DNA sequence: AGAGTGACACGTACGCTGTACGTACGTCAA
DNA sequence: TTGACGTACGTACAGCGTACGTGTCACTCT
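Now the structure itself:
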């Protein structure tokens with residue numbers, strides 16, 4: 003049995019979350035998983051909150067950015083955004099943990115640096131870059147939150163198509179009409195749709211900004 | 003002492019969350035707040051999860067839409083989105099509860115109906131309307147999540163400006179340069195920035211869609 | 001009037017949680 | 001050899017959600 007280690011503890015936590023859901027993890031369960039006493043964990047982790055922070059950081063640090071720095075900036079932004087969405091695929095049950103605690107660790111800073119660099123190289127000034135980044139982050143987090151089902155952390159991750167209970171079509175005519183569309187969601191398609199919208203919007207903004215400064 | 007009631011319980015829960023944070027609520031605390039025994043609550047609420055659902059639904063049902071149905075659709079969308087953001091102002095500590103459980107209750111359906119109607123009237127077909135709505139919801143939820151601080155539910159809601167610890171500027175040059183901008187966030191400005199982007203994007207899309215069908 | 005019924009408040013109890021504290025054992029320095 | 005230190009662990013405590021049983025009403029039906 004290898005030595006008890008912070009990273010082994012974090013790994014066990016992630017494993018447990020993925021297998022049984024975020025609600026299932028407790029210090030006792032993790033300890034049992036590792037075959038050690040509960041209190042031994044506290045030699046490596048100050049408390050449960052810090053452990054969850056470490057989980058979030060670890061998950062976040064495993065996303066890999068594959069965007070080619072020489073590619074068109076619109077494409078780079080798209081690929082960086084997709085990289086975040088990979089979290090929802092690799093660690094679906096842990097995603098909720100990640101999005102519900104904001105990190106200021108290097109693992110959280112690295113993607114920020116990469117995104118800002120891309121935007122600055124595209125021609126945005128610092129303030130624009132920060133605003134745009136924040137907009138994308140909000141969109142990505144909101145999308146992930148929808149994608150991971152969110153509500154019952156213990157429920158099966160891919161509920162096929164939970165039909166919403168029959169709606170009162172006189173009260174909600176549009177919802178009634180569009181129920182078939184609302185009932186199911188191709189998460190990839192939905193993500194790409196919004197991503198396209200955002201990228202086209204900032205492309206337009208960059209164009210206007212350039213014309214403005216060229217004219218001025 | 004008025005009769006113990008589901009709505010009184012929910013109100014007490016919201017009150018407690020706003021005063022002491024979402025982590026502070028327990029069935030025992032709520033019961034104590036109401037001056038009743040713990041188990042009395044279970045005569046009106048099946049369990050804690052259902053109570054939190056009711057909290058979310060109640061908070062959600064209190065948002066008021068003030069958009070004029072005869073106004074320009076872009077303006078209506080903007081005002082509807084802002085209405086959601088009001089949640090973060092009226093119930094900052096409860097916001098996390100709202101966004102972390104998806105409802106299919108009437109309270110959750112009403113804003114959906116209103117949004118879909120607006121988009122349909124603007125000229126989008128059903129599928130476009132649903133996709134656009136989902137994009138906006140993702141953005142709004144992500145924004146609210148950032149705004150309510152998210153991490154420590156018990157922390158003061160408006161932490162002035164938590165300076166990120168000094169970053170290694172050689173590893174993160176952009177982050178270092180833009181630290182003053184990253185360190186503080188005018189949530190309203192940030193929200194409006196992204197909202198503008200999204201609205202302009204769908205306006206362009208509508209234009210293209212119209213031209214396409216006119217030409218075809 | 002008396003009996004029956006259902007709704008509701010409540011106490012007790014069980015199995016769970018995070019973690020403070022004390023202890024025991026290993027390895028290394030002096 | 002002695003001491004210090006890091007680590008593993010058992011025990012214990014306060015708190016949690018809630019299953020279950022009991023007592024007390026208000027009401028209805030005979």
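Residue numbers (the working numbering), protein chains in the order written: chain A, 3 to 218; chain B, 3 to 218.
Ideal Cβ positions, reconstructed from N, Cα and C, are used throughout, including at glycine.
All values reported here derive from a predicted model rather than from experimental measurement.
Here's the rule: buried if 16 or more other CB atoms are within 10 angstroms of the residue's CB, otherwise exposed. What is residue i?
{"i": "residue 40/B", "result": "exposed"}
{"i": "residue 209/B", "result": "exposed"}
{"i": "residue 186/A", "result": "exposed"}
{"i": "residue 116/A", "result": "buried"}
{"i": "residue 15/B", "result": "buried"}
{"i": "residue 55/A", "result": "buried"}
{"i": "residue 164/A", "result": "For residue 164/A, the predicted model reports a pLDDT of 46, less than 50, meaning its position is unreliable and no value from the coordinates is stated."}
{"i": "residue 154/B", "result": "Residue placement at residue 154/B cannot be trusted, given a pLDDT of 36 that sits under 50; what the coordinates show is reported in the next sentence. The residue in question, residue 154/B, is exposed, as its Cβ has fewer than 16 Cβ neighbours within 10 Å."}
{"i": "residue 68/A", "result": "exposed"}
Report the rounded CA-to-CA distance for residue i versus residue j, giving the unit in angstroms.
{"i": "residue 24/A", "j": "residue 95/A", "result": "6 angstroms"}
{"i": "residue 250/A", "j": "residue 18/B", "result": "There is no way to answer for residue 250/A, as the model of chain A reaches only from 3 to 218."}
{"i": "residue 22/A", "j": "residue 195/A", "result": "32 angstroms"}
{"i": "residue 145/B", "j": "residue 4/A", "result": "43 angstroms"}
{"i": "residue 215/B", "j": "residue 128/B", "result": "16 angstroms"}
{"i": "residue 20/B", "j": "residue 31/B", "result": "14 angstroms"}
{"i": "residue 11/B", "j": "residue 29/B", "result": "10 angstroms"}
{"i": "residue 65/B", "j": "residue 202/B", "result": "25 angstroms"}
{"i": "residue 58/B", "j": "residue 170/A", "result": "21 angstroms"}
{"i": "residue 37/A", "j": "residue 7/A", "result": "13 angstroms"}
{"i": "residue 43/B", "j": "residue 33/B", "result": "7 angstroms"}
{"i": "residue 192/B", "j": "residue 90/B", "result": "14 angstroms"}
{"i": "residue 180/A", "j": "residue 132/B", "result": "8 angstroms"}
{"i": "residue 9/A", "j": "residue 98/A", "result": "20 angstroms"}
{"i": "residue 49/A", "j": "residue 27/A", "result": "13 angstroms"}
{"i": "residue 218/B", "j": "residue 207/B", "result": "Low local confidence applies: a pLDDT of 47 at residue 218/B is under 50, so the model's placement there is unreliable, and no value is given."}
{"i": "residue 72/A", "j": "residue 47/A", "result": "41 angstroms"}
{"i": "residue 199/B", "j": "residue 79/B", "result": "12 angstroms"}
{"i": "residue 182/B", "j": "residue 197/A", "result": "27 angstroms"}
{"i": "residue 107/A", "j": "residue 70/A", "result": "25 angstroms"}
{"i": "residue 178/B", "j": "residue 188/B", "result": "19 angstroms"}
{"i": "residue 53/A", "j": "residue 174/A", "result": "45 angstroms"}
{"i": "residue 13/B", "j": "residue 45/B", "result": "16 angstroms"}
{"i": "residue 114/B", "j": "residue 35/A", "result": "44 angstroms"}
Taking residue i as the query, report the chain B residues whose CB atoms sit under 7 angstroms from its CB, ordered along the chain.
{"i": "residue 133/A", "result": "192, 195"}
{"i": "residue 145/A", "result": "140"}
{"i": "residue 111/A", "result": "169, 174, 177"}
Hey, out of the options, whose CA is closest to residue i's CA?
{"i": "residue 111/A", "options": "172/B, 200/B, 31/B", "result": "172/B"}
{"i": "residue 87/B", "options": "143/B, 107/B, 169/B, 199/B", "result": "143/B"}
{"i": "residue 148/B", "options": "190/B, 181/B, 116/B, 125/B", "result": "190/B"}
{"i": "residue 123/A", "options": "59/B, 30/B, 38/B, 176/B", "result": "176/B"}
{"i": "residue 134/A", "options": "205/A, 20/A, 16/A, 89/A", "result": "205/A"}
{"i": "residue 224/A", "options": "121/B, 108/B, 184/B", "result": "Only positions 3 to 218 of chain A appear in this structure, which leaves residue 224/A out of reach."}
{"i": "residue 92/B", "options": "121/B, 174/B, 61/B, 49/B", "result": "61/B"}
{"i": "residue 225/A", "options": "151/A, 178/A, 126/A, 200/A", "result": "With chain A running from 3 to 218 in the structure shown, residue 225/A is simply not present."}
{"i": "residue 74/A", "options": "121/A, 150/A, 9/A, 131/A", "result": "121/A"}
{"i": "residue 150/A", "options": "48/B, 150/B, 103/B, 114/B", "result": "103/B"}
{"i": "residue 109/B", "options": "47/B, 35/B, 197/B, 63/B", "result": "63/B"}
{"i": "residue 51/B", "options": "72/B, 199/B, 100/B", "result": "100/B"}
Can you pull the chain A residues whose beta carbon is under 9 angstroms from the beta carbon of residue i, in chain order?
{"i": "residue 129/B", "result": "180, 183"}
Residues of chain A with CB closer than 7 angstroms to the CB of residue i, please, in chain order.
{"i": "residue 176/B", "result": "115, 118, 119, 122"}
{"i": "residue 204/B", "result": "199"}
{"i": "residue 137/B", "result": "195, 196, 199"}
{"i": "residue 148/B", "result": "140"}
Three-pair Cβ contact test at 8 angstroms for the region 81-88 of chain B versus the region 136-144 of chain B: Verdict: yes, contact present.
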